[in-house]
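When the letters of the sequence shown are read in order and numbered with the numbering used here, they come out as residues 376 to 705.
Let me begin by presenting the structure, written as structure tokens, before commenting on it.
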Amino acid sequence: MKSLLLGFAGVLALSALAGPDEFPRTASGKPDFSGRYDIATLTRYERHQDDLEPNIDAETAAQREEGAIRRYEYGMRDRDPNRGPPPKGGYVDARSYDPVWFDQGLRMFEINGRIPTSILLDPPNGKLPPPSEQGIARWRAWRESRDESRGRYDNPENLSLQDRCLYLGYVSIPALLVVYNNIKTIVQTDDHVMILIEWVHWARIVRLNAEHLPDDMRSLAGDSIGYWDDDTLVVETTSFFSSPGEPREGFEVVERFSPLTKDSLLYRFTVHDPNHVAPYTGEMPWPKTESKMYEYACHEGNYSMFNTLRGARAQERAALALEEESSDAD
Numbered sequence: 376m377k378s379l380l381l382g383f384a385g386v387l388a389l390s391a392l393a394g395p396d397e398f399p400r401t402a403s404g405k406p407d408f409s410g411r412y413d414i415a416t417l418t419r420y421e422r423h424q425d426d427l428e429p430n431i432d433a434e435t436a437a438q439r440e441e442g443a444i445r446r447y448e449y450g451m452r453d454r455d456p457n458r459g460p461p462p463k464g465g466y467v468d469a470r471s472y473d474p475v476w477f478d479q480g481l482r483m484f485e486i487n488g489r490i491p492t493s494i495l496l497d498p499p500n501g502k503l504p505p506p507s508e509q510g511i512a513r514w515r516a517w518r519e520s521r522d523e524s525r526g527r528y529d530n531p532e533n534l535s536l537q538d539r540c541l542y543l544g545y546v547s548i549p550a551l552l553v554v555y556n557n558i559k560t561i562v563q564t565d566d567h568v569m570i571l572i573e574w575v576h577w578a579r580i581v582r583l584n585a586e587h588l589p590d591d592m593r594s595l596a597g598d599s600i601g602y603w604d605d606d607t608l609v610v611e612t613t614s615f616f617s618s619p620g621e622p623r624e625g626f627e628v629v630e631r632f633s634p635l636t637k638d639s640l641l642y643r644f645t646v647h648d649p650n651h652v653a654p655y656t657g658e659m660p661w662p663k664t665e666s667k668m669y670e671y672a673c674h675e676g677n678y679s680m681f682n683t684l685r686g687a688r689a690q691e692r693a694a695l696a697l698e699e700e701s702s703d704a705d
């Protein structure tokens, strides 16, 4: 496994020798971003507190990659299916899946010879800006809405859009990595660009050289328009619909897609979010892949939603029975 991964790293290093001038182009002469991109990476979204600098050297990056590979191989080791329970007080691995189902990436990415310690590059500390007073108030309201005593499990609509397998904004716009299903697909024409987000199967439609829709025409993914700045595709998205778990009123995102190598693009984004005290910017390469998308079925037909609500009703019946027993005893 390790030799395979190191060999793959060598392939990526060789491909990076080709410059953006060799990037494929459309008949109209624009960079052709159509294709599939696997953005899984070991590089963190925010800079770790132990990383004092925005970049690290190749030796440090290699050590981190080797550590990630060792952890992956340890998680994939053969285990006796008939083994006994762990000792009392011992460690219990309570994660949802085995490592084979995760795809968070085993390599740190490189941009023009730099190995960043985070995707975020502004603020300069590589961390999200502090929440604003508005943001704190919104998140408190959201946490209160998650309180079971407030009827969180009374009906499907009370659960978040993520719980309902409808939409996950923080991996769609900006388009960022998650624990698995990290392939993004782009389909490009002269007047539209489609960006398919694998997690929660969301297709973003970007209208090129168009005007924004009226502000009162809002949607979960907002209204995206794009234009060309030389060889860079600039996408501006506004008019987001807010929900309790996705407080996006006033949220604006500017994304920039630029050729990086002949088989990768540079993705850069700036977010203006009134829930934070300042905008923030990040960037990462999107390397092309021959891998195909795998359906993100979420909880396969909402079976888990049914079981969640049924479990809540069972808890309510048990609580009522306990109250009746207590009343009879009195």
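Where is the CB? At the ideal position from N, CA and C, for every residue including glycine.
Roughly how many angstroms separate the alpha carbons of residue 479 and residue 704, rounded to a whole number? Cα to Cα, the separation comes out at about 55 Å.
Would residue 492 and residue 659 be called neighbours here (beta carbons separated by less than 9 Å)? no
Under a three-way DSSP split, which group does residue 644 fall into? strand
Assign residue 484 to buried or exposed, taking buried as 16 or more other Cβ atoms, counted over all protein chains shown, within 10 Å of its Cβ. Burial call: buried.
Entirely enclosed beta strand (DSSP E) segments - the stretch 579-637, minimum 3 residues: 598-604, 607-613 and 627-636
Give every residue of the same chain whose Cβ lies closer than 7 Å to the Cβ of residue 555, excluding the five residues on either side of it in the sequence, and list them in chain order. 476, 477 and 478
In chain order, what are the residue ranges of uninterrupted beta strand (DSSP E) at least 3 long that sit wholly in the stretch 485-540? 495-497
Quick check: the stretch 423-431 against the stretch 490-508, are there 3 or more CB pairs under 8 Å? Yes, the stretch 423-431 touches the stretch 490-508.
For a test of the three-state rule: what should DSSP assign to residue 573, helix, strand or coil? coil
CB of residue 440 within 9 Å of CB of residue 501, strictly: The answer is no: Cβ separation not under 9 Å.
Report buried or exposed for residue 597, applying the criterion of at least 16 other Cβ atoms within 10 angstroms of its Cβ. buried
Nearest to residue 580 by CA position, among 586, 489, 587 and 571, is which residue? 571
Please classify residue 448: does DSSP put it in a helix, a strand, or coil? DSSP, read as helix, strand or coil, puts residue 448 in helix.
With DSSP collapsed to three states, give me the class of residue 565. coil
Quick one, are the C-beta atoms of residue 633 and residue 462 less than 9 Å apart? no
Residue 387 by DSSP, collapsed to three states: which one? Below a pLDDT of 50, predicted positions are generally treated as unreliable, and residue 387, at 43, falls in that range; no measurement from the model is reported.
Check this for me: beta carbons of residue 628 and residue 607, under 9 Å apart or not? Contact: no.
Using C-beta distances below 6 Å, list every residue in its chain close to residue 615, excluding the 5 sequence neighbours before and after it, in chain order. 597, 623 and 626
Determine whether the beta carbon atoms of residue 680 and residue 503 lie at a separation below 9 Å. no
Limits of the beta strand (DSSP E) - the one that residue 655 falls within: 655-662
Give the straight-line distance between the Cα atoms of residue 683 and residue 542, rounded to the nearest whole angstrom. Residue 683 and residue 542: Cα-Cα distance of roughly 19 Å.
Residues near residue 588 in its chain [Cβ-Cβ closer than 8 Å; skip 5 each side]: Contacts found: 598 and 614.
My output table needs one value for residue 377: the three-state DSSP class, helix, strand or coil. Confidence at residue 377 is low in this model, with a pLDDT of 40, below 50, so its placement is unreliable and no value can be given for it.
Give the single residue among 617, 582 and 551 whose Cα lies nearest to the Cα of residue 591. 617
In the DSSP assignment, the alpha helix (DSSP H) including residue 545 goes from what residue to what residue? 544-547
Consult DSSP for residue 393 and reduce its assignment to one of helix, strand or coil. Residue placement at residue 393 is poorly supported in this model, since its pLDDT is 49, which falls under 50; the coordinates still yield a value, given next. Residue 393 falls in the coil class under three-state DSSP.
Can you tell me which residues form a DSSP beta bridge with residue 559? 412 and 572
Quick one: what's got a C-beta closer than 6 Å to residue 562's C-beta in the same chain, skipping five residues either side? 409 and 569
Beta carbon of residue 650 nearer than 9 Å to that of residue 513: yes
Could you check which residue in 437, 529 and 509 has the C-alpha nearest to that of residue 686? If we check each option's Cα against that of residue 686, 529 comes out closest.
Just the C-alpha distance for residue 699 and residue 527, rounded to the nearest angstrom, thanks. 24 Å
Quick one: residues in its chain with C-beta nearer than 8 Å to the C-beta of residue 449, no 5 flanking neighbours on either side, listed in chain order? none
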